[in-house]
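Protein chains in written order, with this note's numbering: chain A, 23 to 389; chain B, 23 to 389; chain C, 23 to 389; chain D, 23 to 389. Everything below concerns the one structure shown next.
Protein chains: 4
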Amino acid sequence: MSGSSFGNIFRVTTFGESHGAGLGAIVDGCPAGLEIDEEYIQCFLDRRKPGQSKFATPRSEADKVKIMSGVFEGKTTGTPIMLVIENTSQQSKDYSDIADKYRPGHADYGFDAKYGFRDYRGGGRSSGRETAARVAAGAIAIKILKTMGIAVQAYVKQIGDISIDYNNFSYEEMFNNGLCMPDKEAAEKAAKYVEQLMEEKDSTGALVECMISNVPAGIGEPVFDKLDARLASAVMSIGAVKGIEIGDGFEVVKAKGSENNDSFCIEEGKVVKATNHSGGILGGISDGSTIVLRAAFKPTPSIFQKQQTIDKDKNEVEIEIKGRHDPIVAPRAVVVVEAMAAMTILDMMMSNTTSTLDKLMKTYDLL
Amino acid sequence: MSGSSFGNIFRVTTFGESHGAGLGAIVDGCPAGLEIDEEYIQCFLDRRKPGQSKFATPRSEADKVKIMSGVFEGKTTGTPIMLVIENTSQQSKDYSDIADKYRPGHADYGFDAKYGFRDYRGGGRSSGRETAARVAAGAIAIKILKTMGIAVQAYVKQIGDISIDYNNFSYEEMFNNGLCMPDKEAAEKAAKYVEQLMEEKDSTGALVECMISNVPAGIGEPVFDKLDARLASAVMSIGAVKGIEIGDGFEVVKAKGSENNDSFCIEEGKVVKATNHSGGILGGISDGSTIVLRAAFKPTPSIFQKQQTIDKDKNEVEIEIKGRHDPIVAPRAVVVVEAMAAMTILDMMMSNTTSTLDKLMKTYDLL
Amino acid sequence: MSGSSFGNIFRVTTFGESHGAGLGAIVDGCPAGLEIDEEYIQCFLDRRKPGQSKFATPRSEADKVKIMSGVFEGKTTGTPIMLVIENTSQQSKDYSDIADKYRPGHADYGFDAKYGFRDYRGGGRSSGRETAARVAAGAIAIKILKTMGIAVQAYVKQIGDISIDYNNFSYEEMFNNGLCMPDKEAAEKAAKYVEQLMEEKDSTGALVECMISNVPAGIGEPVFDKLDARLASAVMSIGAVKGIEIGDGFEVVKAKGSENNDSFCIEEGKVVKATNHSGGILGGISDGSTIVLRAAFKPTPSIFQKQQTIDKDKNEVEIEIKGRHDPIVAPRAVVVVEAMAAMTILDMMMSNTTSTLDKLMKTYDLL
Amino acid sequence: MSGSSFGNIFRVTTFGESHGAGLGAIVDGCPAGLEIDEEYIQCFLDRRKPGQSKFATPRSEADKVKIMSGVFEGKTTGTPIMLVIENTSQQSKDYSDIADKYRPGHADYGFDAKYGFRDYRGGGRSSGRETAARVAAGAIAIKILKTMGIAVQAYVKQIGDISIDYNNFSYEEMFNNGLCMPDKEAAEKAAKYVEQLMEEKDSTGALVECMISNVPAGIGEPVFDKLDARLASAVMSIGAVKGIEIGDGFEVVKAKGSENNDSFCIEEGKVVKATNHSGGILGGISDGSTIVLRAAFKPTPSIFQKQQTIDKDKNEVEIEIKGRHDPIVAPRAVVVVEAMAAMTILDMMMSNTTSTLDKLMKTYDLL
């Protein structure tokens with residue numbers, strides 16, 4: 023079944039493989055009248071593209087985005103926006119090894135079980151490269167949210183045992199180190215850890231945190247399409263993510279109600295909460311506080327050590343992966359988390375435009 | 023927007039409030055020919071219904087399910103199955119307190135922000151009572167999976183600091199203690215902890231674990247509709263859940279690739295994995311191992327202590343919640359997790375029936 | 023697959039069989055704040071219910087609707103509205119005849135081919151009785167449209183060879199004759215024709231026309247979700263409909279562009295069209311003129327003559343249908359056409375609330 | 023809202039404008055293992071592309087399709103298939119006339135009402151050129167249906183008053199005359215009629231008929247997603263279509279039940295119908311007979327006569343359309359009808375794979 027679309031109203035459909043002709047997305051349902059151009063989207067792609075630091079694969083992909091439709095005279099027209107990124111660095115090489123063997127930690131075996139065969143070149147559709155299309159589409163969502171005063175900011179909070187100290191928090195610092203940690207000291211420690219792992223032909227997991235500020239209260243649909251349910255789906259759909267939490271997340275297991283409940287209060291005439299254990303979402307609906315989510319990224323499965331596995335004829339074999347791979351997924355995934363969060367928030371804000379009869383009447387100037 | 027439906031092919035739409043006439047679900051897309059009756063579904067509802075232990079609200083709801091359509095001569099017909107549960111214990115009482123005030127930790131404020139007003143009686147649509155409809159629908163999914171040899175089993179793994187010991191694991195034990203812990207010793211300790219909290223008019227969070235065994239490899243759609251993304255959405259949509267993880271979950275943050283990768287091997291001619299850090303899902307597609315997920319449930323927000331909050335006129339006020347509330351959500355939610363997991367797995371197994379041309383041809387006896 | 027839902031934002035899911043416990047609908051996505059009660063909805067059901075004229079089956083169904091959820095203190099809450107109609111006149115009788123034989127002109131054979139068996143009592147899910155749920159849900163859509171100044175009016179335009187004369191058109195007259203023709207003279211002629219057919223144990227087809235006035239220009243999504251495509255789907259989904267047309271409809275085959283094009287002009291400062299060959303829709307988007315559609319209803323397939331058919335064991339047999347059947351479908355279907363048209367128009371007006379960035383900003387008071 | 027997708031399981035999303043960089047489609051949900059290449063798809067595009075006869079616009083578009091993803095080693099992989107067609111003949115010209123004025127019979131006014139502005143070059147997204155993407159996607163659906171033994175054949179049945187005579191019917195003849203009429207004599211008469219209209223700077227409507235043979239009984243979902251409802255939506259979504267009918271269509275208005283009912287009988291051990299008034303669909307489900315549908319195409323609205331209209335500042339003005347336009351839409355639309363019909367049938371056949379528990383079990387080799 024079709025599973026390459028995300029969102030109901032702001033609807034993104036992606037395509038493309040790691041080593042095919044290219045990849046991209048159709049953004050359908052984008053409101054008309056938004057100023058957008060390739061340069062703006064490119065900024066986001068450049069944050070994800072390979073080769074930006076020593077912690078990223080040196081594969082040299084320009085990741086140049088082209089807008090093929092849906093924008094006229096510098097503005098979105100309301101019709102589908104086609105974003106295409108051509109692949110330029112598909113090395114012709116001998117894939118016979120991974121063509122026949124299933125890489126541990128990868129989707130190879132699942133793809134063969136599902137489809138009977140697969141495009142094995144660079145992971146095909148299951149390559150992390152697929153997320154470039156998400157970033158391109160997400161850039162548009164981020165721009166709309168920005169116009170509405172909403173900011174989406176993600177960063178790497180923890181690598182291995184090394185966690186940022188909020189006392190040292192500097193969002194700008196994130197752009198200075200190749201690990202996207204907003205704490206200089208932690209980033210330096212983590213860099214040493216990752217370098218050591220690279221020497222050991224190994225990789226590490228990491229934790230990404232994302233803050234979405236200024237979302238009005240009332241966003242999210244009760245029951246199945248809760249805002250947190252949709253965010254969970256959005257972020258868990260990023261390849262290497264194995265866990266997702268909102269607000270206090272897994273800490274709530276040990277918490278008491280008297281600790282976990284946030285009091286509502288009034289500050290300068292506005293409704294606020296004294297604390298934000300909820301992470302900005304209560305009962306699936308935004309409560310007006312900053313939305314806080316965290317995603318656990320597993321270590322890059324492509325490591326350069328010998329591993330035990332099987333081939334497609336069900337023989338037990340050894341595999342030794344070659345090629346160009348990141349020792350850590352998270353830094354390049356930070357902007358992917360932002361993209362997915364933004365698409366979710368925007369889609370649900372668009373869903374919410376008809377929650378009352380008054381809103382509907384107002385849209386048509388009947389109130 | 024409509025947000026009360028779950029699933030694409032096996033599609034469940036629920037309705038109902040805590041203190042209205044009743045609640046229930048339409049199950050659309052259920053295959054024809056399944057033997058099902060009210061007794062079978064009732065068993066699952068009885069696991070969730072209130073009053074089953076001292077840790078559950080004494081509200082006396084029979085939660086009797088009635089099948090109104092879609093079943094003929096004891097079998098599903100393929101047309102919508104309507105499941106209805108009438109509310110019988112809506113105490114007429116004075117709701118003026120919670121009608122005007124926003125309960126901390128609840129969706130009250132969000133509902134008013136979204137809809138302009140709300141059915142405040144017992145939480146209305148945002149009451150945990152809404153999950154009865156999920157359980158009724160989920161029972162049907164569970165029966166189909168069982169027919170296919172797939173088992174879904176959830177239980178409470180941890181309450182506060184008290185965790186089960188897998189050496190003592192007994193699934194049957196889960197049904198002996200009111201806390202649904204499959205470890206007698208841990209359950210006893212936890213019982214004391216919860217009793218103490220009840221005296222303190224407080225509540226606790228907990229961790230629920232769910233195992234889904236025997237799912238064939240190849241289930242899940244790459245990219246946005248990954249199996250784990252769909253499970254995350256399904257389980258996070260349960261009211262009190264604040265985090266969801268698969269396999270090693272948040273532990274992957276500290277793991278190395280060499281530790282986290284599971285080797286494929288052959289056992290009795292079958293593909294298996296030497297370990298199961300992946301929790302049965304790789305790249306969003308089932309890998310044939312047992313699927314393992316965990317959900318963090320926050321403490322019941324309805325505690326009987328005085329709390330600070332605001333009223334709908336934006337005055338800061340005190341609130342003291344009365345009524346019938348559980349000191350812990352998780353034990354009654356165990357079967358809800360099973361229901362949501364089952365609906366997800368089944369829906370995606372149904373989605374997968376057309377993944378290859380050969381399968382499609384076979385269905386129509388053309389191969 | 024699930025096929026019992028209609029609409030994307032205002033989403034209606036129906037259930038129920040002719041001779042089961044009952045039938046009804048969940049209306050999800052209805053804006054909060056609409057005043058609605060059972061009496062209002064009942065008026066629409068009474069127009070459809072059997073036994074209202076000599077041209078309708080005498081089956082005595084009260085068709086009493088009950089609102090089980092989603093309405094509080096007389097207003098919609100924004101959560102799912104459950105509408106249920108119990109069946110009260112399921113005659114216990116010998117169904118062995120139609121249980122085994124496929125009635126010509128009915129879905130019996132298709133149901134067995136699809137599902138392996140079927141609820142044969144009174145046609146089960148494929149009974150026209152299913153449309154009662156549409157009417158109940160449609161009544162809510164009609165009320166919202168009315169609040170927005172939009173009227174939906176259908177009537178029988180032609181029965182056999184007898185067509186209404188627009189010079190005699192009186193919408194009120196429609197309610198005076200059992201055939202729902204808004205022309206007294208034509209209705210009398212048609213009555214004689216239908217009476218004659220009843221004596222001959224035969225039935226007749228008819229044409230229903232529907233006018234939707236005051237829909238603003240700009241409604242409809244280009245390409246696949248055009249307003250006329252959605253209307254066509256909505257109306258064609260009514261059991262007996264075999265054709266649907268908009269504006270000049272099939273007459274366009276013979277028309278020239280110079281005749282078929284409608285000139286735009288200005289009348290009292292407003293954009294109007296000099297003619298309305300388009301039927302209010304151009305390129306799939308409303309043009310501000312009255313929307314005009316027509317649906318061709320086939321003759322009731324349940325006639326009381328002997329007919330040739332087969333049984334489920336593939337023997338050629340004779341069948342003689344007994345029971346209670348209308349000699350003409352259209353008069354009772356008029357309100358069903360209104361319901362389907364209203365749900366479509368409303369759903370697409372709700373879809374249209376985010377067509378521009380300005381509208382989105384306005385909804386959130388950011389413009 | 024997003025309205026550029028068609029189908030649930032075999033899901034097609036299109037993009038592109040008449041004079042932008044290009045247009046195309048993502049086909050998501052296509053089963054893996056289908057042999058497909060650009061040459062095959064090109065054959066279908068060549069039937070639609072301009073300049074193939076004197077009755078078609080001379081705009082010289084190669085309409086070359088490129089497959090960007092989803093096909094590996096000559097076979098579909100099950101992942102999204104991206105089909106792109108670059109625009110090569112966007113004449114730079116002065117559009118100031120149609121930029122400000124609303125062309126009668128076109129969607130210009132509706133687009134401005136909906137989106138605030140529009141890409142006016144060649145009609146932008148509302149250009150008939152959009153259908154090239156449908157044809158490319160439809161070619162894939164047609165190939166799968168062909169593999170299953172199902173043929174989809176459309177042709178022009180009537181132009182103005184001139185209708186084909188089934189006694190002269192030759193499907194091959196359709197490819198010999200520029201009007202796609204499968205009757206040589208009728209085609210010659212019609213050619214004269216269209217030539218005369220071209221001299222008069224006018225255009226004509228036409229009727230397209232489509233036959234889909236060998237669809238098994240049991241396809242279609244009861245109630246809202248009936249097979250005819252979905253076909254109606256599919257075909258009505260083609261720009262110039264104003265009416266759609268199945269089987270006897272609008273003729274049923276005058277028919278009696280005794281005439282319209284088709285008897286079931288047995289022929290060589292198979293279930294057949296003595297007649298096919300139903301057009302292969304009963305109660306929304308295929309009955310095993312050939313599916314017959316007809317679509318009424320309005321005259322090309324772009325005629326070269328002076329017409330009355332308004333400009334965007336609401337002044338009444340004259341407009342005289344220039345450029346390259348067909349005097350008749352239908353011949354180039356024949357393959358578009360085939361494409362839409364094929365996508366619908368295939369999608370619903372895929373939906374039908376889980377209609378019974380036995381089918382589901384069989385897919386997983388559990389039966």
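C-beta atoms are modelled at their ideal positions from N, C-alpha and C, and glycine is treated no differently. Computed from a predicted model, the values in this text were never measured in an experiment.
Chain-order list of residues whose beta-carbon lies under 7 Å from that of residue i (same chain, five-residue window excluded)
{"i": "G55 of chain C", "result": "K97, T98"}
{"i": "N30 of chain D", "result": "D369, S373"}
{"i": "R346 of chain C", "result": "T79, P80, R81"}
{"i": "S111 of chain B", "result": "R81, S82, E83"}
Contacting residues, own chain, Cβ-Cβ under 8 Å from residue i (five flanking each side not counted)
{"i": "D224 of chain C", "result": "P321, I325, Q327, P349"}
{"i": "G305 of chain A", "result": "P244, K248"}
Beta-carbon separation (whole angstroms), residue i vs residue j, contact threshold 8 Å
{"i": "E342 of chain B", "j": "Q330 of chain B", "result": "Their Cβ separation, rounded to whole angstroms, is 11 Å, which puts E342 of chain B and Q330 of chain B out of contact at 8 Å."}
{"i": "D270 of chain C", "j": "K206 of chain D", "result": "With 8 Å as the limit, D270 of chain C and K206 of chain D do not qualify as a contact, their Cβ atoms being about 30 Å apart."}
{"i": "R69 of chain D", "j": "V274 of chain D", "result": "Not confirmed; about 32 Å, so no contact."}
{"i": "Y51 of chain B", "j": "S24 of chain C", "result": "Tyr is not the amino acid found at residue 51 of chain B; the sequence shown has Gly there. Sure, about 4 Å apart at Cβ, within 8 Å."}
{"i": "I367 of chain D", "j": "I172 of chain D", "result": "7 Å"}
{"i": "L67 of chain B", "j": "A158 of chain B", "result": "6 Å"}
{"i": "I162 of chain C", "j": "I260 of chain C", "result": "In fact, because the Cβ distance is near 18 Å, the residues do not count as touching under 8 Å."}
Local Cβ density within 10 Å of residue i, reported as buried at 16 or more and exposed below that
{"i": "T378 of chain C", "result": "buried"}
{"i": "D387 of chain C", "result": "exposed"}
{"i": "K179 of chain B", "result": "buried"}
{"i": "G302 of chain B", "result": "buried"}
{"i": "N198 of chain C", "result": "exposed"}
{"i": "G150 of chain D", "result": "buried"}
{"i": "S20 of chain C", "result": "Look at the range of chain C in this structure, 23 to 389, and you will see that residue 20 of chain C is not part of it."}
{"i": "S118 of chain C", "result": "exposed"}
{"i": "Y10 of chain D", "result": "Any answer about residue 10 of chain D is impossible in this case: the structure gives chain D only from 23 up to 389."}
{"i": "E61 of chain C", "result": "exposed"}
Cβ shell of residue i (< 6 Å), same chain only, five flanking positions each side left out
{"i": "D122 of chain B", "result": "D333, K334"}
{"i": "S148 of chain D", "result": "A129"}
{"i": "G182 of chain C", "result": "Y215, T226"}
{"i": "S285 of chain D", "result": "A296"}
{"i": "V351 of chain B", "result": "A262, F319, T322"}
Given 8 Å as the limit, is there contact between the region 334-341 of chain D and the region 35-53 of chain D, that is, 3 or more CB pairs closer than that?
no
For the region 294-354 of chain C, list the beta strand (DSSP E) runs that are entirely contained and at least 3 residues long, ordered along the chain.
Look at the region 294-354 of chain C and you find these whole runs of beta strand (DSSP E), each 3 residues long or longer: 313-319, 328-332, 338-342.
Does the contact criterion of 3 or more C-beta pairs under 8 Å hold for the region 188-196 of chain C versus the region 134-142 of chain C?
no
Would you call the region 304-322 of chain B and the region 226-235 of chain B touching, i.e. three or more CB-CB distances under 8 Å?
yes
Of all the alpha helix (DSSP H) runs that stay within the bounds of the region 188-233 of chain A, which reach a length of 4 or more residues?
206-221
With contact counted as at least three CB pairs below 8 Å, one residue from each stretch, are the region 104-112 of chain B and the region 82-92 of chain B in contact?
yes
Complete alpha helix (DSSP H) runs within the region 103-136 of chain A (minimum length 4 residues, chain order)
For secondary structure counted as the alpha helix (DSSP H) over 4 or more consecutive residues, the region 103-136 of chain A holds these complete runs in sequence order: 118-122.
How about the region 245-264 of chain B and the region 250-260 of chain A: do they share at least three Cβ pairs that are nearer than 8 Å?
yes
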